[in-house]
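Below you'll find the structure, written out as structure tokens, and then a few comments.
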Amino acid sequence: MRELVIVRNPDQQSRLPYLIRLPLGEGLFLRAGGTWPREKAIYCHPVGAEEWPVEPEVVERVTVRSCVRRGAAIDLVLDRARENRSQIVFTKARGRDVIFWQTARVRKQARPQVTTPTARASGVAALPVVVDSGERYAYKFPRQQVELVRRRLPCGDYGVEVAGALYAAVERKSLADLVGSLLNSRLKYQLTELAALPHAAVVVEERYSQVFKLEHVRPAVVADGIAELQVAFPGVPIVFCESRQLAEEWTYRFLAAAYAAGDHSAEAAPIVDEPATMPEPSTAEVRAWAREHGLEVPAKGRLRPEVWQAYRLAHS
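Position 199, counted from 1, in the sequence shown is what UniProt numbering calls 199; the numbers after and before it change by one each time, with no gaps.
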């Protein structure tokens, strides 16, 4: 029987008071913070099986109906009537693996009830978007008119080219990635590279209000760091979108606007020099030439096709 088991962490010094065992593979073990039963998304950290206590104090044990890994997330369905669906999301912060566990109710609250438009952006019929080959779980732009190409970008995760050079780019961030790269100064170097482009931006798959709900770093430090970077790099906005879907839509429309504003004259087909052609002669000129060369032609009216052909061959 596959079960989700939650026990108290025997390490009294840890700020994460629970240990969790998920029936995934040989078992996935996590430390978890927050309160239980949880009312919001909670922070987790992966640990080894050796940290599981020999005689655990069980807080909750629930039969699992489904536990499936899908890319950077695990979809979990428990065998109970309420609060039975949740998702475990893997990411990185400050160079280490972290995990956030959120219920379906929290995901629904974080997902705005909007339908993004399918109309093409900036009148571009098929936007050629370059996706960085190192981007994991990249946007696919399924609802937009986009032609995707994967290759290494000098900066950013998504970009468009004009005249064979990178013209605009967008760096995608989760909130955890934004915080981690801000604290280790990696974000500053990324903005330095983006600022060298004509158009660039950073899009965050979260609401700005979530910055002030961070638990393992002072929110004021993060907010001040973001503000300082915006002052230092005013040409590279940091845009907070409420969800991954809206961040994807914003990225598409930003790149389309930049692409439409670019100078594509150098991308036009090269002009091929063609030999000059003689202007078409009049019927009177052809009639005079034919008589000079002994060809019989009427005094008036249309000339026979073979007369025209003879004239063209003689003057080709």
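Heads up, the beta-carbon is just placed ideally off N, CA and C, and yes, glycines get one too. Computed from a prediction, not measured in an experiment: that's the story for all the values here.
Counting other Cβ atoms within 10 Å of its Cβ, G134 stays below 16 and is therefore classed as exposed. When beta bridges are read from the DSSP output, K213 appears opposite no residue.
Along the length of the region 162 to 220, whole alpha helix (DSSP H) runs at least 4 residues long occupy 175 to 183 and 186 to 194, reported in chain order.
Distance from the Cα of F212 is smallest, within the candidate group E205, V222, V204 and V203, for V222. In the DSSP secondary-structure assignment, V98 is bridged to T91. In this structure, E57 sits near R8, with a CB-CB distance shorter than 7 Å.
Inter-residue distance for E296 and L313 is about 17 Å (C-alpha atoms, whole angstroms).
If one requires a minimum length of 3 residues, the beta strand (DSSP E) runs lying completely within the region 231 to 259 are 238 to 241, in chain order. For D224, the three-state secondary structure derived from DSSP is helix.
Using a 10 angstroms sphere on the CB of A176, the tally of other CB atoms reaches 16 or more, which defines it as buried. Going by DSSP, L78 is part of the beta strand (DSSP E) stretching over A73 to L78. The C-beta distance from C44 to I99 rounds to 4 Å, short enough to meet the 8 Å contact threshold. In the three-state reduction of the DSSP assignment, P128 falls in the strand class.
The beta-carbon separation of E3 and V62, rounded to 7 Å, stays under the 8 Å limit for a contact. In the DSSP assignment, R70 falls within the unbroken beta strand (DSSP E) covering V58 to R70. Around the beta carbon of V179, 16 or more other beta carbons lie within 10 angstroms, which makes this residue buried. By the Cβ-count criterion, T103 is buried, with 16 or more other Cβ atoms from all chains shown falling within 10 Å of its own Cβ. If you draw a straight line from the Cα of T192 to the Cα of P10, it comes to about 46 Å.
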